[in-house]
Ligand code: SF4
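Residue numbers (my numbering), protein chains in the order written: chain A, 1301 to 1679; chain B, 108 to 460.
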């Protein structure tokens, strides 16, 4: 049965590709940014670019949680895990290999004796704390609004159970301020940002926050947004909608992902987040620089479960590797092959920058799925 | 085994007993464990002699010997579709089978953790014996060591196998040629996902069952249907999945591959689990699947032979070998786009075999 569905997918995709090709104006260049790493992955994984006309370009955005995580935050976790043998530091698999200072990563810290473990969810981390009452379980939480409610939930559960050996390093960041940062005048990095004719809005993030928070993109930045699902056909449909907006001179927030996204989003999840977490005044993103009100911290009422407060952790900002172009790639100013290290020094086995770590990172996606395009095949 | 006063020996408590350091110390306890558990379960003349090694007959005329070894550290020890015991047999039997050999004998080295329940050990050994019987191989020699509590994970098993390679069979990773057909014997990713689902206690509607199986019967069926020289490469895509296997063959042979994603069989529940965990079924381990690279004109007969066998009902032709000195594996996606299929990057995946 599934072959039939997939065949139909192929036929549908061909139909959409035809519609896009008919609609684009020949002399015009369309540059759309997919904000989300999930979209970057889907586009590379399914070869979506092969189905688009040459003058429609998709530019990878900064929506890969691991990629925008500043090195200083990982350093902080590594210092904690190495200094305190009672700590079990747990986090998502992708975080383990993020290159940090002094040639370390959480995985390398593990090899040096730190107790670092991989979990699939915040709930797994909480369960580990229940199982190991004699240890201090610290969950290194990252992600956009999608993974934030589960983090808020485990903090609230730990508080309800008065589970004192559990705490969280909260690195959650917010999507709308990042888009604002991207579209505003270039920040401190002084990078020439590319012209963007439209933005493919996040899928899962928008399920939580709804489509309303993107209104400023259309109104203030005069840039079209289409919120879209993670299926490759969703992406193509959204590209089609963006092409139309551009051709008609419109800048609106449209929703391709109506099967999951509403204007107001998931109120319950939003309330949960607001109950446990509050805005940080500013947060230093990798690539985008310091952005005001763009990340979350744990509210003082839950300080006992805030690892930063509990262990007196210090966030020391660290500059990126000199030759790593991650910053420019994250804001769309450069592509993976513009980096001198790509594929030679920096590979998925030996990542130099975070964009090569997560499968959602632009460099990893190009390395894993697209690099055959860089060199002409020998037949 | 001292037959001196059997009446004065306290029998091994296979129901409530536990492994202790004495079971590996070379004394009476170890000898009893070997006699009452291993020799009884594996039941063959070479092992029953109780000597330090097995005396085996020479292979037939024109035949060569093939030897392979495989260590097993899977966690959990028991999983849907098998356990570390059956896996330890299948792993080594399959390494021999994909060399074209008929697997004949195995050795088994056990590293037991102090405190491990003898009942579980007995279950594992029984499953190993059953798997060996089903595959037509004998466990003819072995070794047992016990490590202190906390220094092992219940039980680790290393098996070494010897098989006979009939004349004319020369499958090898370096023999893929442009134009060759690529076949797989069934759905991909079942074993790795069964283990992951169990470890992470992921609740799926239908349970994912490991495909752990001995492939020697399937390989024999293939050789019975297709001239031996037409079979260029045989592999079992274990760790790293199909992606790593095909990349290995590509670089060994100095060729490229073009695969058709829509033709690659993946069970719906494995696909769903992969989506959930953000994994690619092509990177997930298999323990009972065969990858065949054969001459294009033999592909139809090879596919029919696989499909006629119990273990190959879902076999499919999934692609073609192409000339490409970069040794890239490319894939046509169901959407109509293209991408590369790369080796599995050094991921933090749990112990699966
Ligand atoms: S190739 Fe590596 S070093 Fe270069 S930008 Fe990408 S991640 Fe950074």
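Cβ atoms here follow ideal geometry from the backbone N, Cα and C, with glycine treated the same way.
Residue i CB to nearest heavy atom of the ligand SF4 below 6 Å
| i | result |
| --- | --- |
| residue 1641 (chain A) | yes |
| residue 1625 (chain A) | yes |
| residue 1403 (chain A) | no |
| residue 1701 (chain A) | Given that chain A is displayed from residue 1301 to residue 1679, the structure contains no residue 1701 (chain A) and the question cannot be resolved. |
| residue 1629 (chain A) | yes |
| residue 1646 (chain A) | yes |
| residue 1663 (chain A) | yes |
| residue 1652 (chain A) | yes |
Own chain residues within Cβ distance below 6 Å of residue i, not counting five before or after
| i | result |
| --- | --- |
| residue 1661 (chain A) | 1364, 1367, 1655 |
| residue 1498 (chain A) | 1332, 1524, 1542 |
| residue 1410 (chain A) | 1416 |
| residue 1357 (chain A) | 1331 |
| residue 321 (chain B) | 197, 200, 242 |
Close-in-space but distant-in-sequence residues of the same chain around residue i (CB under 8 Å, 5 per side omitted)
| i | result |
| --- | --- |
| residue 1355 (chain A) | 1324, 1326, 1328, 1329, 1330 |
| residue 198 (chain B) | 177, 179, 266, 345, 394, 460 |
| residue 441 (chain B) | 368, 369 |
| residue 406 (chain B) | 288, 290, 424 |
| residue 377 (chain B) | 294, 295, 296, 297, 300, 315, 388, 391 |
| residue 1313 (chain A) | 1351, 1532, 1533, 1536 |
| residue 1515 (chain A) | 1553 |
| residue 1615 (chain A) | 1372, 1373, 1376, 1608 |
C-alpha distance - residue i paired with residue j, whole-angstrom precision
| i | j | result |
| --- | --- | --- |
| residue 1470 (chain A) | residue 1609 (chain A) | 11 Å |
| residue 1435 (chain A) | residue 1625 (chain A) | 39 Å |
| residue 1488 (chain A) | residue 1589 (chain A) | Annotation note: pLDDT 45 at residue 1488 (chain A) (below 50); position unreliable, coordinate value reported separately. Looking at the two C-alpha atoms, the distance is approximately 7 Å. |
| residue 1398 (chain A) | residue 207 (chain B) | 43 Å |
| residue 1659 (chain A) | residue 392 (chain B) | 19 Å |
| residue 325 (chain B) | residue 418 (chain B) | 7 Å |
| residue 278 (chain B) | residue 350 (chain B) | 19 Å |
| residue 1421 (chain A) | residue 1389 (chain A) | 13 Å |
| residue 232 (chain B) | residue 1432 (chain A) | 32 Å |
| residue 1644 (chain A) | residue 1633 (chain A) | 21 Å |
| residue 1340 (chain A) | residue 1664 (chain A) | 10 Å |
| residue 1378 (chain A) | residue 374 (chain B) | 40 Å |
| residue 305 (chain B) | residue 1493 (chain A) | 47 Å |
| residue 184 (chain B) | residue 210 (chain B) | 24 Å |
| residue 221 (chain B) | residue 1565 (chain A) | 54 Å |
| residue 1453 (chain A) | residue 1578 (chain A) | 14 Å |
| residue 1310 (chain A) | residue 1502 (chain A) | 23 Å |
| residue 127 (chain B) | residue 228 (chain B) | 13 Å |
| residue 1480 (chain A) | residue 1517 (chain A) | 7 Å |
Contacting residues, own chain, Cβ-Cβ under 7 Å from residue i (five flanking each side not counted)
| i | result |
| --- | --- |
| residue 224 (chain B) | 125 |
| residue 1563 (chain A) | 1510, 1511, 1512 |
| residue 414 (chain B) | 420, 422 |
| residue 1600 (chain A) | none |
| residue 169 (chain B) | 274 |
| residue 1586 (chain A) | 1367, 1368, 1369, 1370, 1620, 1626, 1627, 1630, 1654 |
| residue 151 (chain B) | 245, 247 |
| residue 1455 (chain A) | 1468, 1576, 1598, 1602, 1605 |
| residue 1430 (chain A) | 1463 |
Where residue i falls, given that 16 or more other Cβ within 10 Å makes a residue buried
| i | result |
| --- | --- |
| residue 1668 (chain A) | buried |
| residue 1316 (chain A) | buried |
| residue 1568 (chain A) | exposed |
| residue 380 (chain B) | buried |
| residue 157 (chain B) | exposed |
| residue 205 (chain B) | buried |
| residue 1666 (chain A) | buried |
| residue 334 (chain B) | exposed |
| residue 122 (chain B) | exposed |
| residue 313 (chain B) | exposed |
| residue 432 (chain B) | exposed |
| residue 449 (chain B) | buried |
| residue 1484 (chain A) | exposed |
| residue 372 (chain B) | buried |
| residue 234 (chain B) | buried |
| residue 473 (chain B) | With chain B represented from 108 up to 460, any question about residue 473 (chain B) goes unanswered, as that position is not in the structure. |
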